[in-house]
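Student:
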Amino acid sequence: MGQEAREVFSALLHSILAVCPTKLCSEIRRVAEAYPRFEARLSELRVRAGRLASLTLDGRNVPLQVCLSAEELAGMVRTFCQGSVYAYSESLREGYISFGGGCRVGVAGRAITEDGVPVGVGEVTSLSIRIPHHVPGAGNTAVSVFRAMGCRHGLLVYSAPGVGKTTVLRDMAVQLSSGASARRVAVIDSRGELDGDCIGRGCLADVLLGYPKAEGIEIATRTLSPEVVVCDEIGGYEDAESVLALQHCGVPLIASAHADTTAGLLARSPIRLLVDSGVFGAFVGIFRGAGNRYTYRVDYHESIIAAADQPRLSAGG
Amino acid sequence: MLLKSFGVIVLLGMTLYLCISFSVFERRRMAQSEGFLLLVRHIKAQIACFRLPLGEIFHTFAHAELERCGFLPTLREGRDFAAALQAAAPAIWLSAEESGLLRAFAGELGRSYREEQVACCEYYAGELEQAYAQRRRDHPTRAKLYRSLFVTGALMLIIILV
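Keeping their order, the protein sequence lines are chains B and Y.
Per the working numbering, the first sequence starts with residue 1, numbered consecutively.
Per the working numbering, the second sequence starts with residue 1001, numbered consecutively.
#1: Please go through the same chain and pick out, in chain order, the residues whose beta-carbon is closer than 6 Å to the beta-carbon of B/Arg297, but skip the five residues on each side of it.
#2: Determine, using beta carbons only, whether Y/Glu1116 comes closer than 9 Å to chain B.
#3: Take B/Leu73 and list the residues in its own chain whose beta-carbon comes closer than 7 Å to its own, dropping the five residues that flank it on each side.
#4: By DSSP, does B/Cys249 sit in helix, in strand, or in coil?
#5: Let me check one thing: in DSSP terms, what residues is B/Thr141 bridge-paired to?
#6: Give the residues of chain B in contact with Y/Gly1035, contact being defined as C-beta atoms less than 7 Å apart.
#7: Please return the same chain residues whose Cβ sits closer than 6 Å to the Cβ of B/Thr167, not counting the five positions on each side in sequence.
#8: Would you mind working out which of B/Ser26, B/Asp232, B/Val228, B/Asp206 sits nearest B/Lys213, comparing C-alpha positions?
#9: With H, G and I counted as helix, E and B as strand and the rest as coil, what does DSSP make of B/Ser84?
#10: Look at the alpha carbon of B/Phe80 and the alpha carbon of B/Ile97, and state the distance between them as a whole number of angstroms.
#11: Quick one: which residues of the segment 1108 to 1140 of chain Y get their C-beta closer than 7 Å to a C-beta of chain B? List them in chain order.
#12: Ends of the beta strand (DSSP E) at B/Val207?
#13: Just list the alpha helix (DSSP H) runs in the segment 1083 to 1154 of chain Y, keeping only unbroken ones of 4 residues or longer that don't cross its boundaries, in chain order.
#14: If you run the structure through DSSP and keep just helix, strand and coil, what is Y/Cys1049?
#15: If you draw a straight line from the C-alpha of B/Gly59 to the C-alpha of B/Ser43, how long is it?
#16: Beta strand (DSSP E) containing B/Glu123: first to last residue?
#17: Quick check on B/Cys151: does DSSP put it in helix, strand or coil?
#18: Quick one: what does DSSP say B/Asp260 is sitting in, helix, strand or coil?
#19: In chain order, what residues of the same chain have a beta carbon less than 6 Å from the beta carbon of Y/Leu1018, not counting five sequence neighbours either side?
#20: Nearest CA to the CA of B/Gly386: which residue from B/Gly100, B/Val230, B/Ala148?
#21: Is any beta-carbon of chain B found at less than 9 Å from that of Y/Ile1047?
#22: How many angstroms separate the CA atom of B/Tyr88 from the CA atom of B/Asp115?
#23: Using C-beta distances below 6 Å, list every residue in its chain close to B/Gly100, excluding the 5 sequence neighbours before and after it, in chain order.
#24: Name the chain B residues that come within less than 9 Å of Y/Leu1085, Cβ to Cβ?
#25: Of all the options Y/Ile1159, Y/Ala1154, Y/Leu1161, Y/Val1162, which has the alpha carbon lying nearest to the alpha carbon of Y/Thr1015?
#26: Show which residues of chain Y have a CB atom less than 8 Å away from the CB atom of B/Arg78.
#27: Which residue marks the beginning of the beta strand (DSSP E) containing B/Gly63, and which one marks its end?
#28: Could you list which residues in chain Y have their beta carbon closer than 7 Å to that of B/Ser89, in chain order?
#29: Going straight from the alpha carbon of B/Asp239 to that of B/Ile188, what length do you get?
#30: DSSP on B/Glu114, reduced to helix/strand/coil?
#31: Using a beta-carbon distance below 9 Å, is Y/Leu1052 in contact with chain B?
#32: Run the proximity test for B/Ala108: is its beta-carbon closer than 8 Å to any non-hydrogen atom belonging to the ligand FAD?
#33: Mind checking if B/Gln65 is an interface residue toward chain Y, Cβ cutoff 9 Å exclusive?
#34: Pair every Cβ in the segment 1043 to 1060 of chain Y with every Cβ in the segment 1133 to 1145 of chain Y, then say whether three or more of these pairs are closer than 8 Å.
#35: Quick one: which chain Y residues come within Cβ less than 7 Å of B/Ser84?
#36: Suppose you measure from the CA of Y/Arg1103 to the CA of Y/Ala1088; what does that come to, to the nearest Å?
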């Protein structure tokens, strides 16, 4: 992590700790002393009502010897919402709060429903505080692949949850929008995760914050004339339709999706629709190897289609 | 005789001073009552239209009397509504009913979803409006009462003195 990114991260961690009850902070500090390079290794803090809290360090769950009450969790939610729960009702309905600096707080609890539709969360039972990292170089492989395609074809980054898709996308946005060959990059940041303060400094990305993906993509193409659109976690049919419209505008899309294999990726109908339509020229899978290092798997459109067609041919034959 | 005349002048001066002080006090109480009512309405409008967080809402509201009593500056420092009420309590001269309403409002502010929050603001704005209307109705009577009390008291003292 660079000095600048380290400072941003440290400030973010301190602002998160300021929200936590004192007993939790003390426990986190105790663990931090036991782990060298704690800040760089920490990716998540999870607190549960009446159960042990935990940290995720290098992908491993480390239990903290502290339990918070439901009231303490409700207090944390209020503070994350700046004392204004109503201002975050939309995102709470979708189960998260954007804390700023690219930090997302996942909220689990009892659903409040109206006619079977969830309209809010009552009695919060867990909070999952995802701590973003700007890892310079995390997107090198994906950027090379994208540039090798002449920056004309889309690229899909996939991995299992929590492996580092957003980190890779953030670094790609930074790399593509900075330097001598900087491009006009529109970042559709629906959940406030991509636009960590790291993106804001020294790069030329235009960020659409808080827009639903479909609307964000449409607005970006209509008003910002981007050369590249970056968008986190596509998966719904609505997203797929917007992406198809974007393809017709000739703007390549760099997106991410949850899947641990290309087969898993293609099993999702909206993604399959996009793959069949030729939206993505390449697919970059991210995996965490030994020593928590990123490893990548790159597949191109043709090979993916050929592999996807293989079972069909067999079945037909 | 000179001493008595001086005493009469002092008593009349004191009466005048007390009359003016109580009149100012009453006017400030009215202004505070009105200020809190306007603040609750402002919060409601900002939540209903823009869903701004409370911190930003507090920065967009101005009221001379609430500034003077220290309530708004405390709010803008980042303290919550209840804490600001408590901090400015010595300079807030509302009735027990109004204070109770504001404390209850502070307890509910920012804790619910938009629709509930707007409904909550509407309820407290309605209650505060009633209290404010009552205070406005009572104001002339109360002012007259204070004036009469002070003048009568002063006259009695003057008669005793003379």
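We put the beta carbon where it would ideally sit given N, CA and C, even for glycine.
Predicted, not measured: the structure shown is a model, and the values here were computed from it.
Tutor: Checking against the coordinates, here is how it stands:
#1: Only residues of its own chain outside the window of five on either side were considered, and among them Gly285 have a CB closer than 6 Å to the CB of B/Arg297, listed in chain order.
#2: yes
#3: Val47, Ala49, Val124, Leu127
#4: helix
#5: Beta-bridge pairing links B/Thr141 to no other residue.
#6: Correct list: empty, because the minimum Cβ distance to chain B is about 21 Å.
#7: Result list for B/Thr167: His133, Val135, Ala138, in chain order.
#8: B/Asp232
#9: B/Ser84: coil per DSSP, three-state reduction.
#10: 7 Å
#11: Cβ contacts with chain B: Gly1110, Arg1111, Ser1112, Tyr1113, Arg1114, Gln1117.
#12: 205 to 209
#13: 1096 to 1108
#14: helix
#15: 8 Å
#16: 117 to 130
#17: coil
#18: coil
#19: Phe1150
#20: Absent from the structure is residue 386 of chain B, since the part of chain B shown begins at 1 and ends at 317.
#21: yes
#22: For B/Tyr88 and B/Asp115, the distance between alpha carbons rounds to 21 Å.
#23: none
#24: The contacting residues do not exist; Y/Leu1085 stays about 14 Å from chain B at best.
#25: Y/Ala1154
#26: Gly1110, Arg1111
#27: Note that residue 63 of chain B corresponds to Pro in the displayed sequence, not to Gly. Residues 60 to 67.
#28: Tyr1113, Arg1114
#29: Using only the alpha carbons, I get a separation of about 12 Å.
#30: strand
#31: Yes, Y/Leu1052 lies at the interface with chain B (some Cβ there is under 9 Å from its Cβ).
#32: No copy of the ligand FAD occurs in the structure displayed, which carries no ligand at all.
#33: no
#34: The segment 1043 to 1060 of chain Y vs the segment 1133 to 1145 of chain Y: no contact.
#35: Pro1053, Leu1054, Gly1110
#36: 13 Å
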